[in-house]
């Protein structure tokens with residue numbers, strides 16, 4: 232007996248075959264367009280496989296066009312000790328929050344975030360100029376660093392206005 236996963240895999244194989252046939256027909260009419268389209272699909276598929284956030288955004292965009300993709304489960308957040316390499320993007324843009332609500336509004340948006348999410352913001356916006364912030368373990372210190380850098384970078388050049 233085949234389960235839903237087997238049926239989904241078979242359906243996907245069929246759709247890939249149909250897409251392949253369409254690309255081969257396009258190859259005869261316009262080789263450059265077929266090659267460009269294949270490369271585009273490869274890049275999108277590779278990024279969606281690598282980045283759950285992108286896969287979810289892609290699924291949402293396709294759902295808006297009438298497709299009904301299966302929703303991707305959010306990836307579990309890694310433990311701090313297991314982190315290696317590039318960090319995840321921050322949960323929001325601190326510069327936009329500062330622009331909208333000032334320092335108080337920014338601090339209100341930062342308050343519920345955990346240390347890892349605050350470090351994501353610091354890393355994304357290169358706020359660790361002295362290479363200390365990524366070692367901090369207290370949310371208050373990280374929040375202060377973010378507010379300090381956002382204020383400094385937002386008001387930079389005001390003397391010339």
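Residue numbers (my numbering): 232 to 392. Glycine included, C-beta positions come from ideal geometry on N, C-alpha and C.
Shown here, residue 343 sits in coil according to DSSP, grouped into three states, outside any helix or strand.
In this structure, the CA atom of residue 368 is about 20 Å from the CA atom of residue 337. Per DSSP, residue 282 lies in no alpha helix (DSSP H) and is assigned neither H nor E.
Sorting 259, 293, 350 and 329 by C-alpha distance to the C-alpha of residue 317 places 350 at the top.
Sixteen is the threshold: when 16 or more other Cβ atoms of the shown chains lie within 10 Å of the Cβ of residue 340, as they do, the residue is buried. In this structure, residue 276 sits away from residue 289, with a CB-CB distance that is not shorter than 7 Å. Taking the Cα positions, residue 322 is about 43 Å away from residue 261. Beyond the five residues adjoining it in sequence on each side, residue 355 comes within less than 8 Å, by CB distance, of 318, 320 and 321 in the same chain, given in chain order. Residue 353 counts as buried, since no fewer than 16 other beta carbons sit within 10 angstroms of its beta carbon. Exclusion of the five residues before and after residue 269 leaves 254 as the residues of its chain whose Cβ lies within less than 8 Å of its Cβ. In chain order, 321 and 322 place their CB closer than 8 Å to the CB of residue 348, counting only its own chain and leaving out the 5 sequence neighbours on each side.
With distances taken between CA atoms, residue 345 lies nearest to 371 out of 271, 371, 378 and 329.
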